[in-house]
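Novice:
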Amino acid sequence: MMKVIHASRVAEFKIHQRTQREVNAQMNDVLHRRVYEDGENITAQEWMMFYQMFPSVESQKVSIPAWNIATSNDHLWELWGCIPFKEDGIERDRLAMCLVYSMGLRHFVELLPEQSRGALRRVLDEVSE
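Residue numbers for the sequence shown follow the numbering used here, so the first one is 54 and each next one is one higher.
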């Protein structure tokens with residue numbers, strides 16, 4: 054028996070194939086080679102500098118290659134001694150900066166309870182001094 058595939062599914066599949074090829078091409082940047090070929094653990098600061106992705110007041114779009122690096126190297130979500138991903142916190146920091154970049158600082162602060170906003174103000178005051 055022959056299976057009939059709706060034309061919209063074929064178009065969706067072709068778009069997925071094209072998108073996958075584009076993603077694979079984008080994944081061949083210097084940072085991906087450093088992480089996946091050389092096994093280097095990239096800090097959040099290096100990640101932000103490479104992709105020029107600095108959190109701002111409003112939300113911003115995250116590229117697929119940047120997201121791929123921002124999530125853990127092996128894409129596993131686990132705790133190591135109560136620290137997400139690994140003990141050094143490097144992967145956690147990359148993901149945190151990616152999410153803040155995506156949501157924007159305004160939304161991030163809106164998510165914080167008032168006592169955390171006060172703590173954030175104190176930290177910002179300390180860093181400014």
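The C-beta atom is built at its ideal place from N, Cα and C for all residues, glycine as well.
(1) Note the first and the last residue of the continuous alpha helix (DSSP H) segment covering Tyr154.
(2) Would you list, in sequence order, the uninterrupted alpha helix (DSSP H) runs of no fewer than 4 residues that lie entirely inside the region 100-139?
(3) So, Asp146 versus Ala97, is the Cβ gap smaller than 7 Å?
(4) So, for Trp100: in the same chain, excluding its five sequence neighbours on each side, which residues have a beta-carbon less than 8 Å away from its beta-carbon?
(5) Which value, in whole angstroms, describes the spacing of the CA atoms of Tyr89 and Tyr104?
(6) Would Leu177 pass as a contact of Pro108 if the rule is Cβ separation under 7 Å?
(7) Taking Cβ positions, are Met143 and Asn94 nearer each other than 7 Å?
(8) Report the rounded CA-to-CA distance for Val180 versus Arg174, giving the unit in angstroms.
(9) Please return the same chain residues whose Cβ sits closer than 6 Å to the Cβ of Tyr154, not counting the five positions on each side in sequence.
Specialist: Once the coordinates are examined:
(1) 143-156
(2) 117-123
(3) yes
(4) Leu84, Met106, Ala119, Ile122, Ala123, Arg147, Met150, Cys151
(5) 17 Å
(6) no
(7) It is Ile, not Met, that sits at residue 143 in the sequence shown. In this structure, Asn94 lies closer than 7 Å to Ile143 by Cβ.
(8) 10 Å
(9) Met106, Pro108, Gln113
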